[in-house]
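J.: Can you read through this structure? Questions will come right after.
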Amino acid sequence: MAAVWVGQRLALFLLLLVFFFPFVAMLTTAFKTDSDIFHSPPQLLPTVWTLQNFASALHTIPFWSYLINTLVISGLSVLGVVLSCPLIAYGLSKVHWRGSRSLMVVILATMMLPPQVTMIPLYLMWNKIGLSDGMVPLVVPTFLGVPFLIYLIRQFFMAVPDEIIEAARVDGANELRIYWSIVLPIARPALITSAVFQFVWSWTDFMNPLIYLGDSSKYTLSIGLYAFFSQHGVEWGPLMAACVLFTIPAFVIFLLAQRYFISGMAAGALK
Numbered sequence: 001m002a003a004v005w006v007g008q009r010l011a012l013f014l015l016l017l018v019f020f021f022p023f024v025a026m027l028t029t030a031f032k033t034d035s036d037i038f039h040s041p042p043q044l045l046p047t048v049w050t051l052q053n054f055a056s057a058l059h060t061i062p063f064w065s066y067l068i069n070t071l072v073i074s075g076l077s078v079l080g081v082v083l084s085c086p087l088i089a090y091g092l093s094k095v096h097w098r099g100s101r102s103l104m105v106v107i108l109a110t111m112m113l114p115p116q117v118t119m120i121p122l123y124l125m126w127n128k129i130g131l132s133d134g135m136v137p138l139v140v141p142t143f144l145g146v147p148f149l150i151y152l153i154r155q156f157f158m159a160v161p162d163e164i165i166e167a168a169r170v171d172g173a174n175e176l177r178i179y180w181s182i183v184l185p186i187a188r189p190a191l192i193t194s195a196v197f198q199f200v201w202s203w204t205d206f207m208n209p210l211i212y213l214g215d216s217s218k219y220t221l222s223i224g225l226y227a228f229f230s231q232h233g234v235e236w237g238p239l240m241a242a243c244v245l246f247t248i249p250a251f252v253i254f255l256l257a258q259r260y261f262i263s264g265m266a267a268g269a270l271k
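Residue numbers in the sequence shown follow full-length UniProt numbering, run continuously in steps of one, and reach 271 at the last position.
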């Protein structure tokens with residue numbers, strides 16, 4: 001029994017090393033000089049620690065401008081998700097009406113579609129109404145709901161006892177009052193989990209900003225990282241430094257929301 005326990009822990013530790021190694025390599029490369037980066041054989045830690053790569057990263061691209069653009073798009077996307085997805089999920093889980101299950105099936109079916117299938121039709125639609133160049137196509141869809149997050153929050157709402165909601169209805173509370181005063185406070189872990197998911201998706205999204213942000217002054221950081229690739233190779237030191245700076249906000253938000261994130265995922269999985 002003890003041997004099995006040790007074996008499981010050893011396997012988990014090795015798995016952790018496999019997943020953690022790329023992050024450690026990125027972090028240490030950001031502090032290396034060029035001679036250390038291209039040293040043969042490769043070495044994990046730099047012989048001379050330097051901050052020059054971070055200075056180059058901030059100088060090569062308009063980092064702060066791209067950072068503000070990314071924060072605006074990610075923040076508005078999170079706001080859209082927090083406003084729309086819980087309301088839709090409540091209507092599909094706690095308000096009984098004909099067709100709610102069928103609509104949920106349709107929403108789940110949209111999750112099966114690869115984004116490449118809808119990419120061109122969506123671009124043509126935004127272009128038809130004259131909004132294909134800018135942040136609008138990146139933000140507005142989140143105010144109409146994100147299928148996976150609707151499903152996640154709905155599963156959490158299903159765990160809320162119907163007796164509480166029925167008692168509120170008997171006392172004369174309308175659906176919006178029940179939703180705002182009773183269901184939303186209970187569903188805080190699911191809301192925070194959805195917000196973290198949406199923030200990370202928007203923060204790391206590369207393809208959609210590349211399609212819709214034609215003006216370089218509107219670029220996000222994910223597009224800005226591409227500036228370190230040139231015809232003569234890749235500037236690995238500044239690129240890794242920029243990647244470290246790019247990772248920090250998402251990492252900090254995950255750490256701050258970790259407790260709610262895990263409980264929200266567990267509740268959605270158990271239902």
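For every residue, glycine included, the Cβ atom is placed at its ideal position computed from N, Cα and C.
Closest to Leu213 by CA distance: which of Leu131, Leu149, Phe228 is it?
T.: On the sequence shown, position 213 is the one that residue 213 refers to. Nearest option by C-alpha distance: Leu131.
J.: Closest to Tyr219 by CA distance: which of Phe148, Gly91, Ser84, Ile68 is it?
T.: Residue 219 sits at position 219 when you count from the first residue of the sequence shown. The candidate whose alpha carbon is nearest that of Tyr219 is Ile68.
J.: On the criterion of 16 or more Cβ atoms from any shown chain inside 10 Å, does Glu235 qualify as buried, or is it exposed?
T.: The residue labelled residue 235 in the question sits at position 235 within the sequence shown. Glu235 should be labelled buried.
J.: Around the C-beta of Tyr90, are 16 or more other C-beta atoms found within 10 angstroms, so that it is buried, or is it exposed?
T.: In the sequence shown, counting from the first residue as 1, residue 90 sits at position 90. So Tyr90 ends up on the buried side.
J.: Go ahead and label Pro192 buried or exposed: buried means 16 or more other beta carbons lie within 10 angstroms of its beta carbon, across all protein chains shown.
T.: As a working mapping, residue 192 is identified with position 192 in the sequence shown. Looking at the sequence shown, residue 192 is not Pro but Ile. Per the 10 Å Cβ criterion, buried.
J.: Considering Cα atoms alone, identify which of Ala241, Ala257, Gly7 is closest to Pro189.
T.: Translated into positions along the sequence shown, residue 189 becomes position 189. Residue Ala257 is the option with its Cα nearest to Pro189.
J.: If you draw a straight line from the alpha carbon of Gln43 to that of Met26, how long is it in whole angstroms?
T.: Sequence index remark: in the sequence shown, residue 43 carries index 43 (1-based). Sequence index remark: in the sequence shown, residue 26 carries index 26 (1-based). The alpha-carbon atoms of Gln43 and Met26 are separated by roughly 12 Å.
J.: Quick one: grab the DSSP three-state call for Gly130.
T.: Numbered from its first residue, the sequence shown carries residue 130 at position 130. Coil at Gly130, not helix or strand.
J.: Relative to the alpha-carbon of Thr60, which residue among Ser100, Pro141, Ala241, Ile248 has its alpha-carbon at the smallest distance?
T.: As a working note, residue 60 is residue 60 in the sequence shown. The shortest Cα separation from Thr60 among Ser100, Pro141, Ala241, Ile248 belongs to Ala241.
J.: Can you tell which of Ala109, Leu255, Val200 has the C-alpha that lies nearest to the C-alpha of Tyr151?
T.: Taking the sequence shown and counting its residues from 1, the one referred to as residue 151 is at position 151. Of Ala109, Leu255, Val200, the residue nearest in Cα terms is Ala109.
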